[in-house]
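**Q** Okay, here's the structure, questions in a sec.
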Amino acid sequence: MAATTYERLKLHITPEKFYVEACDDGADDVLIIDRVSTEVTLSVKKDIPPSAVTRPIFGILGTIHLVAGNYLIVITKKTKIGEFFNHVIWKATDFDVLSYKKTMLHLTDIQLQDNKTFLAMINHVLSVDGFYFSTTYDLTHTLQRLSNTSPEFQEMSLLERADQRFVWNCHLLRELSAQPEVHRFALPVLHGFITMHSCSINGKYFDWILISRRSCFRAGVRYYVRGIDSEGHAANFVETEQIVHYNGSRASFVQTRGSIPVFWSQRPNLKYKPQPQINKVANHMDGFQRHFDSQVIIYGKQVIVNLVNQKGSEKPLEQAFATMVSSLASGMIRYVAFDFHKECQNMRWDRLSILLDQVAEMQDELSYFLVDSTGKVVANQEGVFRSNCMDCLDRTNVIQSLLARRSLQAQLQRLGVLHVGQKLEEQDDFEKIYKNAWADNANACAKQYAGTGALKTDFTRTGKRTQLGLIKDGWNSLIRYYKNNFSDGFRQDAIDLFLGNYSVDELDSHSPLSVPRDLKFLALPIIMVVAFSMCIICLLMAGDTWTETLAYVLFWGVASIGTFFIILYNGKDFVDAPRLVQKEKID
Numbered sequence: 110m111a112a113t114t115y116e117r118l119k120l121h122i123t124p125e126k127f128y129v130e131a132c133d134d135g136a137d138d139v140l141i142i143d144r145v146s147t148e149v150t151l152s153v154k155k156d157i158p159p160s161a162v163t164r165p166i167f168g169i170l171g172t173i174h175l176v177a178g179n180y181l182i183v184i185t186k187k188t189k190i191g192e193f194f195n196h197v198i199w200k201a202t203d204f205d206v207l208s209y210k211k212t213m214l215h216l217t218d219i220q221l222q223d224n225k226t227f228l229a230m231i232n233h234v235l236s237v238d239g240f241y242f243s244t245t246y247d248l249t250h251t252l253q254r255l256s257n258t259s260p261e262f263q264e265m266s267l268l269e270r271a272d273q274r275f276v277w278n279c280h281l282l283r284e285l286s287a288q289p290e291v292h293r294f295a296l297p298v299l300h301g302f303i304t305m306h307s308c309s310i311n312g313k314y315f316d317w318i319l320i321s322r323r324s325c326f327r328a329g330v331r332y333y334v335r336g337i338d339s340e341g342h343a344a345n346f347v348e349t350e351q352i353v354h355y356n357g358s359r360a361s362f363v364q365t366r367g368s369i370p371v372f373w374s375q376r377p378n379l380k381y382k383p384q385p386q387i388n389k390v391a392n393h394m395d396g397f398q399r400h401f402d403s404q405v406i407i408y409g410k411q412v413i414v415n416l417v418n419q420k421g422s423e424k425p426l427e428q429a430f431a432t433m434v435s436s437l438a439s440g441m442i443r444y445v446a447f448d449f450h451k452e453c454q455n456m457r458w459d460r461l462s463i464l465l466d467q468v469a470e471m472q473d474e475l476s477y478f479l480v481d482s483t484g485k486v487v488a489n490q491e492g493v494f495r496s497n498c499m500d501c502l503d504r505t506n507v508i509q510s511l512l513a514r515r516s517l518q519a520q521l522q523r524l525g526v527l528h529v530g531q532k533l534e535e536q537d538d539f540e541k542i543y544k545n546a547w548a549d550n551a552n553a554c555a556k557q558y559a560g561t562g563a564l565k566t567d568f569t570r571t572g573k574r575t576q577l578g579l580i581k582d583g584w585n586s587l588i589r590y591y592k593n594n595f596s597d598g599f600r601q602d603a604i605d606l607f608l609g610n611y612s613v614d615e616l617d618s619h620s621p622l623s624v625p626r627d628l629k630f631l632a633l634p635i636i637m638v639v640a641f642s643m644c645i646i647c648l649l650m651a652g653d654t655w656t657e658t659l660a661y662v663l664f665w666g667v668a669s670i671g672t673f674f675i676i677l678y679n680g681k682d683f684v685d686a687p688r689l690v691q692k693e694k695i696d
């Protein structure tokens, strides 16, 4: 079986069945989904009834079971990102969620409401930018992994051969994956970021590509998913690959990012920065070793770059990370701690060169992957930098962009694009492309995990920290605060439902969505708003005497401030918490 999926599809809908017709040249296959029995079969075009309602689609994302029954999710719009070694890469930009059921009369009012909420969750995940696919190329693997495969692997379907860490619709495709004969209809979809640019330096043209692959293991949102799970999967794990294609030669440099790999949490509680909590009873070494065992198998040597603060609330996590590395005592793992905020305070971002100089020899040792125009592997990347800060977003992306530039400098010199002594920083046109692409990568990763664009992108885009950048960071921080406290429970539930961490059971008499909130937690914010409003009204509408006005202002002012502190003290009870999957509680 060739490693391709059908590119051109038509969806034919009848009251009883969905017919997905393959329209590629020479194709006669039709995937039939029975809307009553949910059975999936393979047929031919002559079996499509002429009465069916027809529309074009660009891929099947999969199926999911909700309260009302099964739903088919299809890609209805796509945008071309570029061509990758003669393979077209697409971004899915719109989707449709189609019910198998023709009516909802079989549902109670509560079930109808739950089904509506579950649908809103699915649509929310689909609305987050960053779903990519190719019908002819395996986007889930790096160039180096693809170069070290067997002929049998090359003949596998895209779904079978895909790296399951990065197939975000793996759960949705479970029914199709069980039937190899329909795999050409099963489209693995990546979540993350991809950009491609045709560039020129010294009159020599090359393609420059940046791919970030977001793991679907321990996926979630900023404050509800931290650290690792019992299998060693790290929160917000992203594999980022930078690729150069010049005159048939291909070079690649891979980095990873992921949450500090111990058992810790940082649940939102209305405070701007909740206190991180390290689990006091968990077997940290077990999860830590599982994590790095898998990282070493996949990537080779690990150079950890820990960018968290070495004082304050982040200090215990830095100490825990350093202690675990020391205890593991593996020759494959090296640890570098760099207090990003301390070193770069007062806008001294030039001091990042201290870190680059510190790891330069290690980076040369890790090298990069290079294959020449004949297909001969000239160099292999022997390991990766595994960078992290608290969120693995803003500080991490800045450092990754600097390490990637250093690798790119060496690659372009080796390929003959850069002359001896030339610096990438001096190539103004390419530098603009490079910096903006890495800033866009930062924004994509940040929106997917934290709900807003990244911070510090002014430095990534311009090479300088600016006052305007600081103001923009303040605004993004404010939006993050609101989303992390008041909408991330829904976002986390949506991801858990989409990825199959929670399965809907319509026979379950107790819906997790119907858990009532204590009335006092609904009343207190209202009391605070009313009290504050009355305080303002009393100031604007002064009474007969200033004494009377002052008394009213003091009364309502004390009421509003007092209520505010009651809410703050009980902050965890006011945040929007996940309801579907119980997240780890840290004692």
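When you read off a place in the sequence shown, starting at 1, and then add 109, the result is the number in the working numbering.
Every residue, glycine too, gets a C-beta built ideally from N, C-alpha and C.
#1: Around the Cβ of Cys132, are there at least 16 other Cβ atoms within 10 angstroms (buried) or fewer (exposed)?
#2: Using 10 angstroms around the beta-carbon of Ser307, count the other beta-carbons present and answer buried if the total reaches 16, otherwise exposed.
#3: Tell me, please, which residues DSSP counts as bridged to Asn497.
#4: Which term fits Trp584, buried or exposed, when burial requires 16 or more other beta carbons within 10 angstroms of its beta carbon?
#5: Which ranges does the alpha helix (DSSP H) cover as unbroken runs of at least 4 residues, wholly within the segment 215-295, from first to last along the chain?
#6: Which residue comes first and which comes last in the alpha helix (DSSP H) that contains Ser510?
#7: Extract the residue ranges of the alpha helix (DSSP H) inside the segment 423-487, only unbroken runs of 4 or more that lie entirely within it.
#8: Report buried or exposed for Leu118, applying the criterion of at least 16 other Cβ atoms within 10 angstroms of its Cβ.
#9: Between Val487 and Tyr408, which are expected to be in contact by the criterion C-beta below 8 Å, what is the C-beta distance as a whole number of angstroms?
#10: Arg589 and Thr561: beta carbons closer than 7 Å?
#11: What do you get for Ala555, buried or exposed, if any count of 16 or more other CB atoms within 10 angstroms of its CB means buried?
#12: Beta-carbon within less than 6 Å of Gln518's beta-carbon, same chain only, minus the 5 sequence neighbours each way: which residues are those?
#13: Hey, quick one: how far does the beta strand (DSSP E) through Lys581 stretch, first residue to last?
#14: Between which two residues does the beta strand (DSSP E) holding Lys51 run?
#15: Around the C-beta of Tyr591, are 16 or more other C-beta atoms found within 10 angstroms, so that it is buried, or is it exposed?
#16: Rounded to a whole number of angstroms, what is the C-alpha to C-alpha distance between Glu116 and Tyr241?
#17: According to DSSP, is Ala551 helix, strand or coil?
#18: Give the range of the alpha helix (DSSP H) segment to which Arg399 is assigned.
#19: Going by C-alpha distance, which of Leu564, Phe315, Gln263 and Ile198 is nearest Ile580?
#20: Looking at chain D, is there any beta carbon in it that lies within less than 7 Å of the beta carbon of Phe242?
#21: Between the segment 394-404 and the segment 338-354, do three or more beta carbon pairs fall short of 8 Å?
#22: Check each candidate in Glu348, Gly367, Tyr180 and Gln288 and name the one with the smallest Cα separation from His250.
#23: Would Asn594 and Arg570 be called neighbours here (beta carbons separated by less than 7 Å)?
#24: With a threshold of 7 Å on Cβ separation, who are the neighbours of Gln263 within its own chain once the five nearest residues in sequence on each side are excluded?
#25: Return helix, strand or coil for Pro165, following the three-state DSSP convention.
#26: Of the residues Tyr444, Val390 and Ala287, which one's Cα is nearest the Cα of Val414?
#27: Can you look up Phe346 in the DSSP assignment and give me helix, strand or coil?
#28: Evaluate the contact criterion for the segment 195-213 versus the segment 177-185: three or more CB pairs, one atom per stretch, below 8 Å.
#29: Beta-carbon within less than 6 Å of Pro159's beta-carbon, same chain only, minus the 5 sequence neighbours each way: which residues are those?
#30: Short check: CB of Leu319 to CB of Asn550, under 7 Å?
#31: Is Asp567 helix, strand or coil by DSSP?
#32: Whether or not the segment 355-362 and the segment 521-537 are in contact is what I'm after, with contact meaning three or more pairs of Cβ atoms, one per stretch, closer than 8 Å; do they touch?
#33: Rounding to the nearest angstrom, what Cα-Cα distance links Asp696 and Gln386 in this structure?
#34: Can the beta-carbon of Val412 be found less than 7 Å from the beta-carbon of Met471?
#35: What number of angstroms, rounded off, separates the C-alpha of Val507 from the C-alpha of Glu130?
#36: Take Pro621 and list the residues in its own chain whose beta-carbon comes closer than 6 Å to its own, dropping the five residues that flank it on each side.
**A** Concretely, from the data shown:
#1: Flag for Cys132 reads exposed.
#2: Burial call: exposed.
#3: Asn415, per the DSSP bridge assignment.
#4: Around the beta carbon of Trp584, fewer than 16 other beta carbons lie within 10 angstroms, which makes this residue exposed.
#5: For the segment 215-295, the continuous alpha helix (DSSP H) assignments of 4+ residues that do not extend past its boundaries occur at 218-236, 252-256, 260-264, 267-270 and 283-286, in sequence order.
#6: First-last of the alpha helix (DSSP H) with Ser510: Asp503 to Leu524.
#7: Fully enclosed alpha helix (DSSP H) runs of 4 or longer: 424-437, 449-452 and 461-475.
#8: Under a 10 Å Cβ-count criterion, Leu118 is classified as buried, with 16 or more other Cβ atoms of the shown protein chains found around its own Cβ.
#9: That belief does not hold up - the Cβ atoms of Val487 and Tyr408 are roughly 19 Å apart, past 8 Å.
#10: Yes, they are a contact pair.
#11: Ala555 comes out buried.
#12: Hits under 6 Å: Leu533.
#13: It is not in any beta strand (DSSP E) - Lys581 instead sits in the alpha helix (DSSP H) that spans Gln576 to Phe595.
#14: Given a span of 110 to 696 for the chain in the structure shown, any question on residue 51 remains unanswerable.
#15: The C-beta of Tyr591 has fewer than 16 other C-beta atoms within 10 Å across all chains shown, which makes the residue exposed.
#16: Each residue's CA atom was taken as its position, placing Glu116 and Tyr241 some 14 Å apart.
#17: Note: Ala551 maps to helix in three-state DSSP.
#18: Element bounds for Arg399: His393 to Tyr408.
#19: That would be Leu564, whose Cα lies nearest to the Cα of Ile580.
#20: Although the question refers to chain D, the structure presented lacks it and comprises just one protein chain.
#21: Yes, since at least three Cβ pairs between the segment 394-404 and the segment 338-354 fall closer than 8 Å, the two stretches touch.
#22: If we check each option's Cα against that of His250, Glu348 comes out closest.
#23: Inclusion of Asn594 and Arg570 in the CB contact set at 7 Å is not warranted, their separation being larger than that value.
#24: Once the five neighbours on either side are set aside, the close Cβ partners of Gln263 are Ala112.
#25: For Pro165, the secondary structure class from DSSP, reduced to helix, strand or coil, is strand.
#26: Here the closest residue by C-alpha is Tyr444.
#27: Correct three-state label for Phe346: coil.
#28: The count of Cβ pairs closer than 8 Å, one atom from the segment 195-213 and one from the segment 177-185, reaches three, so the stretches are in contact.
#29: Excluding five sequence positions before and after Pro159, none of the CB atoms of its chain fall closer than 6 Å to its own CB.
#30: Cβ distance < 7 Å, so Leu319 and Asn550 count as in contact.
#31: Of the three classes helix, strand and coil, the one that applies to Asp567 here is helix, per DSSP.
#32: As far as the Cβ criterion goes, the segment 521-537 touches the segment 355-362, which means the pair count is three or higher.
#33: Low local confidence applies: a pLDDT of 35 at Asp696 is under 50, so the model's placement there is unreliable, and no value is given.
#34: The answer is yes: Cβ separation under 7 Å.
#35: Going from the Cα of Val507 to the Cα of Glu130 covers about 46 Å.
#36: Taking Pro621 as the centre and dropping the five residues before and after it, the same chain places the C-beta of Arg688 and Leu689 closer than 6 Å to its C-beta, in chain order.
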